[in-house]
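2 protein chains.
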Amino acid sequence: MVKKTTHMTVKDVAEKAGVSPSTVSRVISNHPKISEETKEKVLKIMDELGYYPNAIARSLASKKTGTIGVILPNRSEDLLLNPFFPEALRGILKGAAAFGYDVLLSTSTEGKNEMEIVKTFIRSSKVDGIVLMSSSVGDESQAYLNNIDFPYSLIGSPYDHKERVNHVDNDNYMAAYELTTYLSMIGRKRIALIAGEIGQMVTMKRVEGYQKALMESNIPYDEHLLFTGKFDEETGYTYGAAILDMTPRPDAIIITDDLIAFGAVKVFQGAGVRIPEDMAIASFNNSILSRYSDIPLTSVEINSFELGYESVNLLVQSIDQGVRGNKVIIPYTIVKRQSTEGHDPLLPSPVS
Amino acid sequence: MVKKTTHMTVKDVAEKAGVSPSTVSRVISNHPKISEETKEKVLKIMDELGYYPNAIARSLASKKTGTIGVILPNRSEDLLLNPFFPEALRGILKGAAAFGYDVLLSTSTEGKNEMEIVKTFIRSSKVDGIVLMSSSVGDESQAYLNNIDFPYSLIGSPYDHKERVNHVDNDNYMAAYELTTYLSMIGRKRIALIAGEIGQMVTMKRVEGYQKALMESNIPYDEHLLFTGKFDEETGYTYGAAILDMTPRPDAIIITDDLIAFGAVKVFQGAGVRIPEDMAIASFNNSILSRYSDIPLTSVEINSFELGYESVNLLVQSIDQGVRGNKVIIPYTIVKRQSTEGHDPLLPSPVS
DNA sequence: CTGAAAGCGCTTACAG
DNA sequence: CTGAAAGCGCTTACAG
Numbered sequence: 001m002v003k004k005t006t007h008m009t010v011k012d013v014a015e016k017a018g019v020s021p022s023t024v025s026r027v028i029s030n031h032p033k034i035s036e037e038t039k040e041k042v043l044k045i046m047d048e049l050g051y052y053p054n055a056i057a058r059s060l061a062s063k064k065t066g067t068i069g070v071i072l073p074n075r076s077e078d079l080l081l082n083p084f085f086p087e088a089l090r091g092i093l094k095g096a097a098a099f100g101y102d103v104l105l106s107t108s109t110e111g112k113n114e115m116e117i118v119k120t121f122i123r124s125s126k127v128d129g130i131v132l133m134s135s136s137v138g139d140e141s142q143a144y145l146n147n148i149d150f151p152y153s154l155i156g157s158p159y160d161h162k163e164r165v166n167h168v169d170n171d172n173y174m175a176a177y178e179l180t181t182y183l184s185m186i187g188r189k190r191i192a193l194i195a196g197e198i199g200q201m202v203t204m205k206r207v208e209g210y211q212k213a214l215m216e217s218n219i220p221y222d223e224h225l226l227f228t229g230k231f232d233e234e235t236g237y238t239y240g241a242a243i244l245d246m247t248p249r250p251d252a253i254i255i256t257d258d259l260i261a262f263g264a265v266k267v268f269q270g271a272g273v274r275i276p277e278d279m280a281i282a283s284f285n286n287s288i289l290s291r292y293s294d295i296p297l298t299s300v301e302i303n304s305f306e307l308g309y310e311s312v313n314l315l316v317q318s319i320d321q322g323v324r325g326n327k328v329i330i331p332y333t334i335v336k337r338q339s340t341e342g343h344d345p346l347l348p349s350p351v352s
Numbered sequence: 353m354v355k356k357t358t359h360m361t362v363k364d365v366a367e368k369a370g371v372s373p374s375t376v377s378r379v380i381s382n383h384p385k386i387s388e389e390t391k392e393k394v395l396k397i398m399d400e401l402g403y404y405p406n407a408i409a410r411s412l413a414s415k416k417t418g419t420i421g422v423i424l425p426n427r428s429e430d431l432l433l434n435p436f437f438p439e440a441l442r443g444i445l446k447g448a449a450a451f452g453y454d455v456l457l458s459t460s461t462e463g464k465n466e467m468e469i470v471k472t473f474i475r476s477s478k479v480d481g482i483v484l485m486s487s488s489v490g491d492e493s494q495a496y497l498n499n500i501d502f503p504y505s506l507i508g509s510p511y512d513h514k515e516r517v518n519h520v521d522n523d524n525y526m527a528a529y530e531l532t533t534y535l536s537m538i539g540r541k542r543i544a545l546i547a548g549e550i551g552q553m554v555t556m557k558r559v560e561g562y563q564k565a566l567m568e569s570n571i572p573y574d575e576h577l578l579f580t581g582k583f584d585e586e587t588g589y590t591y592g593a594a595i596l597d598m599t600p601r602p603d604a605i606i607i608t609d610d611l612i613a614f615g616a617v618k619v620f621q622g623a624g625v626r627i628p629e630d631m632a633i634a635s636f637n638n639s640i641l642s643r644y645s646d647i648p649l650t651s652v653e654i655n656s657f658e659l660g661y662e663s664v665n666l667l668v669q670s671i672d673q674g675v676r677g678n679k680v681i682i683p684y685t686i687v688k689r690q691s692t693e694g695h696d697p698l699l700p701s702p703v704s
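So the sequence lines, in the order shown, correspond to chains A and B.
Be aware that the first sequence starts at 1, since it is given in the numbering used here, and climbs by one per residue.
Be aware that the second sequence starts at 353, since it is given in the numbering used here, and climbs by one per residue.
Have a look at this one:
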């Protein structure tokens, strides 16, 4: 066991190099107007001494932390089951690395709501900016951040003040529109929609796209075919069963998440309903689940990684240049599989 | 848009409350020997002023950050596809919240190796302790941390200095032993093993348990039946195909990760090999994939969440009380499903 | 139980 | 291009 070496400071380096602490500091931050000569010299000493700048002290003096705060939705199941979050987080981490930031993650406390966490991050001066990983109607965090004009970016669409909020999203309206139109094109007449939480902006957009497509396909919108629950399997069971019992029964369902879709598929399989012959199913997120499922699911690839990466890009612009209201749209792709297309289940499913 | 309120400081609070900054500081940190009276008074002023302590300044003065650093494996695919990491991370976040710590996540830089990230976290004084999410043989991070005696805990088993390293793990030796024995009991004679990366401690342990069980079941260990690759589907394809071509062909495979197992299953299905009749398959992690798969997989539930949670518990003890060498074993469960048990695939698969 | 003082390790106008 | 000085907002022996 080696003794913990007492930490070197700028002062130590300065003395050894025969310069002032200010100069050492300038070398650390790569200040432009410092002579190559002294820079080299100081750098050499720093290396010799094994010096490394204390980030905390730098933060206190400079009022920059080099850290971004990432707010995960507090409902912990999301992080667990829904591949969207790890995948988007991976994009965020990649982005943070690329732009030279560290990532502070919100810790999921039961009682505390999201806004409390945001407030704490900011008031304790631990972060330079914030990424909000989901957006719901009337979101308090967004309101707070807009109000104090703190740099942040949003994965999803702002519920308000769109012109001021940096955000990255898919065109969920179009995605749902296209998906619905596709189902109509393959001959489906009664198309139901099972959505995750109604309060989410993403849900709103998808419902709108769905309604618009129905209208253009001359299928009357029937509010009894619209179900909203949670982003879990349970929701799929529940509404799958409800749909099963309807007369006339829908012949297609759009489901806003693969996990929900699984619940529904299970119900239909149990009841001997053939997919896609009797019931076409199309969902969102194109998670690994949708590929490996018993019946591979048609699903919308939303490119979660890109969503995460770009959220950091936007945030960094917001921090460095005060940018507000920037918007990035990430393309989606509808990946068609057996649950709508049908094909011999013994053949390997199309890998996309 | 409201002007960003200039931040209150201890000094402001002190003046308004008619006490010294020292006293305010003691109220903040809930110092024991402070009179209830002054405490109340100061608390009230803090509230009135909307004061919130600056965490950075506290850190600098106190040399405690209230933050733990979590090191994700840098191979980014892991985080993406393998449900172990998000689930363990969820446990870590929960633990951090419970013990009052924030979580700083390692950002995945291509070039930087894990130890560099650990070093940077520590030398920049950004964290009080570190959680290492995986352990491999000859792990440099562990060596470094042991050497400077910095508080950390490990998910997995230390490759060295077991007596000094706080760690939390399953009994992977026993898990593999039991799983192998089980396959032998149901009549399998040639049991292959496909493992993730050989350098991982977890792989070593499982291989040992497997070998021991074979011996006790009077099945000769055949090194040609041991395959090591990566934690991905590809590995499953490759070695699944290799096993398919063997004569005599194995009649069972233990696979150390559900994702790898999927690759293998796909190969066998494509070749018309019946599972489990011709080939029993058992894997690890009991991920959501193993339940939803075409053929539900027998898999070992390792309780990733608990692993994560306990790693933080250990770490906090290490930080606060200087504890070293504590060890926690998290129980595992073998969840038996169709891939070894067989049953009518039309029946709903057993949910566990 | 409370205060005055020094200090944590940097950065940054300011002046030259 | 470089240095002296003040300061970032707290904490913590020390003394009383």
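Glycine included, C-beta positions come from ideal geometry on N, C-alpha and C.
Residue-level contact to chain B via CB, Ile56 (chain A), 9 Å cutoff: Chain B contact via Cβ: present.
Integer-rounded CB distance, given that Ile595 (chain B) should sit under 8 Å from Pro602 (chain B): Pro602 (chain B) to Ile595 (chain B), Cβ: 6 Å. Contact.
Supposed close pair Phe150 (chain A), Ile122 (chain A) - CB separation, criterion 8 Å: Between Phe150 (chain A) and Ile122 (chain A) the beta-carbon gap is near 6 Å, inside 8 Å, which marks them as a contact.
Close-in-space but distant-in-sequence residues of the same chain around Glu353 (chain A) (CB under 8 Å, 5 per side omitted): A query on residue 353 (chain A) cannot be resolved here, the shown segment of chain A reaching from 1 to 352 and no further.
Contact check, Ser293 (chain A) vs Ser645 (chain B), beta carbons under 9 Å: Against a cut-off of 9 Å, the Cβ pair of Ser645 (chain B) and Ser293 (chain A) comes out as a contact.
Beta strand (DSSP E) runs wholly inside the region 65-110 of chain A, at least 3 long, in chain order: If we require 3 residues or more, the beta strand (DSSP E) runs fully inside the region 65-110 of chain A come out as 67-71 and 102-105.
Close Cβ partners of Arg273 (chain A) (< 6 Å) along its chain, the five nearest in sequence each way excluded: Here the sequence assigns Val to residue 273 (chain A), which means Arg is not the residue at that position. The answer, listed in chain order, is Met279.
Cβ neighbours of Ile198 (chain A) in the same chain (closer than 6 Å, five flanking residues each side left out): Around Ile198 (chain A): Thr228.
Distance, Val103 (chain A) Cα to Asp128 (chain A) Cα: Distance between the alpha carbons of Asp128 (chain A) and Val103 (chain A): 10 Å.
Sub-9 Å separation of Ser639 (chain B) and Thr650 (chain B) beta-carbons: Contact: no.
Separation of Gly240 (chain A) from Met246 (chain A), as counted between CA atoms: In this structure, the straight-line span from the alpha carbon of Met246 (chain A) to that of Gly240 (chain A) is close to 10 Å.
Chain B within 9 Å of His31 (chain A), Cβ atoms only: Cβ-Cβ to chain B under 9 Å: no for His31 (chain A).
His513 (chain B), DSSP secondary structure in three states: Secondary structure at His513 (chain B): coil, using DSSP grouped into helix, strand and coil.
Min CB distance Asp222 (chain A) to chain B below 9 Å: At least 9 Å separates the CB of Asp222 (chain A) from every CB of chain B.
Contact under 9 Å by Cβ, Tyr504 (chain B) with Gly490 (chain B): Not closer than 9 Å, so no.
C-alpha distance - Leu315 (chain A) paired with Ile130 (chain A), whole-angstrom precision: When only Cα atoms are considered, Leu315 (chain A) and Ile130 (chain A) end up about 7 Å apart.
Closer than 7 Å at the beta carbon, the chain A residues around Ser645 (chain B): Against chain A, the beta carbon of Ser645 (chain B) has neighbours under 7 Å at Tyr292, listed in chain order.
Cβ neighbour criterion (16 or more within 10 Å) applied to Gly370 (chain B): Looking at its Cβ environment, which holds fewer than 16 other Cβ atoms inside 10 Å, Gly370 (chain B) is exposed.
Any chain A beta carbon closer than 9 Å to Ile627 (chain B): So, not an interface residue.
Cutoff 6 Å; reference Lys205 (chain A); Cβ partners in own chain excluding five residues on either side: Cβ-Cβ distances below 6 Å link Lys205 (chain A) to Asn172 and Tyr173 in the same chain, with the five nearest sequence neighbours on each side left out; the list follows chain order.
Buried/exposed call for Glu114 (chain A), threshold 16 Cβ in 10 Å: The Cβ neighbour count for Glu114 (chain A), taken over all protein chains shown within 10 Å, is at least 16; the residue is labelled buried.
Interface flag, Tyr591 (chain B) vs chain A, CB-CB below 9 Å: Using beta-carbon distances, Tyr591 (chain B) does not count as an interface residue toward chain A, since no partner is under 9 Å.
Residues near Thr515 (chain B) by beta carbon distance below 7 Å, same chain, minus five either side: Per the sequence shown, the amino acid found at residue 515 (chain B) is Glu instead of Thr. Excluding five sequence positions before and after Glu515 (chain B), the CB atoms of its chain that fall closer than 7 Å to its own CB belong to Gly677, given in chain order.
Burial state of Ile681 (chain B), where buried means 16 or more other Cβ atoms lie within 10 Å: Ile681 (chain B) is exposed by the Cβ-count criterion.
CB-CB length for Ala9 (chain A) against Thr23 (chain A), believed under 8 Å: According to the sequence provided, residue 9 (chain A) is Thr. The question's Ala does not apply to it. Contact check for Thr9 (chain A) and Thr23 (chain A): beta-carbon distance about 14 Å, past the 8 Å limit, so the pair fails to qualify.
Between the CA atoms of Gly508 (chain B) and Tyr684 (chain B) - distance to the nearest angstrom: Approximately 14 Å between the Cα atoms of the pair.
Identity of the residue in B:Ser387, B:Ser569, B:Leu395 and B:Val664 nearest Ala366 (chain B) by Cα: By alpha-carbon distance to Ala366 (chain B), the top candidate from B:Ser387, B:Ser569, B:Leu395 and B:Val664 is B:Leu395.
Bounding residues of the alpha helix (DSSP H) (the contiguous stretch that carries Ile605 (chain B)): Judged by DSSP secondary structure, Ile605 (chain B) falls outside any alpha helix (DSSP H) and instead within the beta strand (DSSP E) spanning Ala604 to Ile607.
Exposure of Gln343 (chain B), with buried meaning 16 or more beta-carbon neighbours within 10 Å: For residue 343 (chain B) there is no data in the structure shown, the boundaries of chain B being 353 and 704.
C-alpha gap between Gly342 (chain A) and Gly236 (chain A), whole angstroms: In this structure, the straight-line span from the alpha carbon of Gly342 (chain A) to that of Gly236 (chain A) is close to 21 Å.
Beta-bridge pairing of Ser62 (chain A) - partner residues as DSSP gives them: According to DSSP, Ser62 (chain A) bridges with nothing at all.
Run of the beta strand (DSSP E) containing Asn113 (chain A), from where it starts to where it stops: Bounds of any beta strand (DSSP E) do not take in Asn113 (chain A), whose DSSP letter is neither H nor E.
Same chain only: Cβ atoms within 7 Å of Ser20 (chain A), ignoring 5 sequence neighbours per side: Around Ser20 (chain A): Ala14.
Interface flag, Asp454 (chain B) vs chain A, CB-CB below 9 Å: True, the Cβ-Cβ gap to chain A drops below 9 Å.
Nearest-angstrom beta carbon gap, Ala55 (chain A) and Leu412 (chain B) [assumed within contact, 8 Å]: Not confirmed; about 10 Å, so no contact.
9 Å Cβ cutoff, Ser411 (chain B) in contact with chain A: The Cβ of Ser411 (chain B) sits closer than 9 Å to at least one Cβ of chain A.
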